[in-house]
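Heads up, the thing below is written out as structure tokens.
Number of protein chains: 2
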Amino acid sequence: MPRAATTTDVFNAIAEPRRRQIIDLLAQSTRPQAVGDLVEALQLSQPTVSKHLAVLRKVGVVSVRKQGQHRLYELNAVELRPVHDWVKTYEQFWSGQLSRIKQRAEKLAAERAAAKKSSNSQEL
Amino acid sequence: MPRAATTTDVFNAIAEPRRRQIIDLLAQSTRPQAVGDLVEALQLSQPTVSKHLAVLRKVGVVSVRKQGQHRLYELNAVELRPVHDWVKTYEQFWSGQLSRIKQRAEKLAAERAAAKKSSNSQEL
DNA sequence: TATTTATATTCCCATACCGGAATGTGTCAA
DNA sequence: TTGACACATTCCGGTATGGGAATATAAATA
């Protein structure tokens, strides 16, 4: 099995730095951006930008709207939520000491739950 | 230029679901885990697990310690911080209405800053 | 020392990439 | 209709993948 396609999910899509740049640009701008605007801002060729946008479209991170001969791209940030939710779990590992206590408590709770499930107290 | 290596940065490393599973397992367990434990938990072949661990090692997300013939893997979650920090910016897009007001204010501030930089009030 | 155990590494291959170049498609304007 | 413009898509080539199979390495054990 080869590497998963970039269009498989958001995690694969945002692995590419230019695609994160595109997301950042769309977030910073009030209004939807035409492809040409992004081309200029990113200093990349038009086909390259269009292809990155196609990936972001397929995973739903951006949406398009036609306006004349332009395509206006808009951020659909909610699709980033899986990434946020996953990584947020680990915030506690580098934030204050108080949180570290909480972290420890959660670990112990997890252990107890696991031990209960399989009456096998071996470490996971 | 092909796709960036999985070992290029954390974003590429965590694109692979099994590597995220490994991270999750290491986070849930109190103690460092031997490769064999992960093999059993993930139901993957030993070489596959070892290779995923090698990727996570190279980007610093896990650290290893020898204990006899075992290698004990431990999570180094702080290396996930770049992902967290990047995606956290977008939290506002799906959290409560109050935050959305704040979001709008930040956009306007960004616009003003951009306009100041290039005395060109065209939209970015 | 020979054997088992735990893990890492190498080789293989089908697949998918990212960028560049070229080309296709659709819209506006003369 | 003929261009001109904005954008998407296709084709190409060098590279890297992830899993399986086989092999290497290193420690424990008989």
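Chains A and F, in that order, are what the protein sequence lines are.
The first sequence lines up with residues 1 to 124 when you count with this note's numbering.
The second sequence lines up with residues 125 to 248 when you count with this note's numbering.
Note that CB positions come from ideal geometry on N, CA and C, so glycine has one too.
### Reduced DSSP category for S95/A - H, G, I as helix; E, B as strand; rest coil
Locating residue 95/A in the first sequence gives position 95, counting from the first residue. It is coil, neither helix nor strand.
### Residue from R144/F, Q191/F, L162/F and M125/F whose Cα sits closest to the Cα of Y90/A
Here residue 90/A refers to the residue found at position 90 of the first sequence. If we check each option's Cα against that of Y90/A, R144/F comes out closest.
### Query
Among Q43/A, L72/A and S45/A, which residue has its Cα nearest to the Cα of T30/A?
Against the first sequence, residue 30/A aligns to sequence position 30. Nearest of Q43/A, L72/A and S45/A to T30/A, Cα basis: L72/A.
### Query
What separation, rounded to the nearest whole angstrom, lies between the Cα atoms of H32/A and E140/F?
Taking the first residue of the first sequence as 1, we reach residue 32/A at position 32. Taking the first residue of the second sequence as 1, we reach residue 140/F at position 16. It is Pro, not His, that sits at residue 32/A in the sequence shown. Taking the straight line joining both Cα atoms gives about 31 Å.
### Query
Terminal residues of the continuous beta strand (DSSP E) containing S169/F?
If you number the second sequence from 1, residue 169/F lands on position 45. From DSSP, S169/F is part of no beta strand (DSSP E); its letter is neither H nor E.
### Query
Does any residue of chain F bring its CB to less than 8 Å from the CB of I22/A?
Residue mapping note: residue 22/A aligns to position 22 of the first sequence, counting from 1. No - not a single Cβ of chain F is within 8 Å of the one on I22/A.
### Query
Is the Cβ-Cβ distance between Q46/A and V39/A less than 8 Å?
Here residue 46/A is taken as the residue at index 46 of the first sequence, counted from 1. Here residue 39/A is taken as the residue at index 39 of the first sequence, counted from 1. Yes, Cβ-Cβ distance for Q46/A and V39/A is below 8 Å.
### Closer than 8 Å to chain A by CB, A201/F
Position 77 of the second sequence holds residue 201/F. Cβ-Cβ to chain A under 8 Å: yes for A201/F.
### Identity of the residue in V173/F, R127/F and I147/F nearest N200/F by Cα
Taking the second sequence and counting its residues from 1, the one referred to as residue 200/F is at position 76. Nearest option by C-alpha distance: I147/F.
### Query
If contact means a Cβ-Cβ distance below 8 Å, which residues of the segment 173–194 of chain F contact chain A?
none
### Query
What are the residues of the segment 139–170 of chain F that lie near chain A, defined by any Cβ-Cβ distance shorter than 9 Å?
A139, E140, P141, R144, I147, D148, L149, A151, Q152, S153, T154, R155, Q157, D161 and A165
### Query
If you draw a straight line from the C-alpha of L204/F to the C-alpha of G36/A, how long is it?
Here the question's residue 204/F lines up with position 80 in the second sequence. Here the question's residue 36/A lines up with position 36 in the first sequence. So the alpha carbons of these two residues sit roughly 33 Å apart.
### Query
Using DSSP with H/G/I as helix, E/B as strand and the rest coil, what is R195/F?
As a working mapping, residue 195/F is identified with position 71 in the second sequence. Residue state, collapsed to three classes: strand.
### Query
Using 8 Å as the limit for Cβ to Cβ distance, is Q214/F near chain A?
Position 90 of the second sequence, counted from the first residue, corresponds to residue 214/F. Checking the sequence, you will find Tyr at residue 214/F rather than Gln. Closer than 8 Å to some Cβ of chain A, the Cβ of Y214/F qualifies, so yes.
### Candidates M125/F, R127/F, Q193/F and T131/F: closest to G184/F by CA position
For the purposes of this step, residue 184/F is identified with residue 60 of the second sequence, where counting begins at 1. When only C-alpha atoms are compared, the closest one is T131/F.
### Query
Among the residues of its own chain, which have a CB less than 6 Å from the CB of Q69/A, if the five just before and after it don't count?
Taking the first sequence and counting its residues from 1, one reaches residue 69/A at position 69. Within the same chain, Q69/A has no close Cβ partners at all.
#### Entry: Residue-chain proximity (L196/F, chain A), Cβ-Cβ < 8 Å
Counted from its first residue, the second sequence places residue 196/F at position 72. No, L196/F lies away from the interface with chain A (no Cβ there is under 8 Å from its Cβ).
### Residues near V266/F by beta carbon distance below 8 Å, same chain, minus five either side
Given a span of 125 to 248 for chain F in the structure shown, any question on residue 266/F remains unanswerable.
### Message
For L26/A and S50/A, what's the separation of their Cα atoms in angstroms?
### Response
Numbered from 1 along the first sequence, position 26 holds the residue referred to as residue 26/A. Numbered from 1 along the first sequence, position 50 holds the residue referred to as residue 50/A. Roughly 14 Å between the two C-alpha positions.
### Task
Determine the burial state of V62/A: buried for a count of at least 16 other Cβ atoms within 10 Å of its Cβ, exposed for fewer.
Along the first sequence, read from residue 1 onward, the residue named residue 62/A stands at position 62. Per the 10 Å Cβ criterion, buried.
#### Entry: Rounded separation between A128/F and L44/A - CA only
On the second sequence, residue 128/F is found 4 positions in, with the first residue counted as 1. On the first sequence, residue 44/A is found 44 positions in, with the first residue counted as 1. Distance between the alpha carbons of A128/F and L44/A: 17 Å.
### Distance, A34/A Cα to T172/F Cα
On the second sequence, residue 172/F is found 48 positions in, with the first residue counted as 1. On the first sequence, residue 34/A is found 34 positions in, with the first residue counted as 1. Each residue's alpha carbon lies about 43 Å from the other.
#### Entry: Contact belief for L42/A with R18/A at Cβ below 8 Å, rounded distance in angstroms
Residue mapping note: residue 42/A aligns to position 42 of the first sequence, counting from 1. Residue mapping note: residue 18/A aligns to position 18 of the first sequence, counting from 1. Yes, L42/A and R18/A are in contact; Cβ-Cβ is about 7 Å, under 8 Å.
### Query
Helix, strand or coil: which one does DSSP assign to V185/F?
Taking the first residue of the second sequence as 1, we reach residue 185/F at position 61. V185/F: coil per DSSP, three-state reduction.
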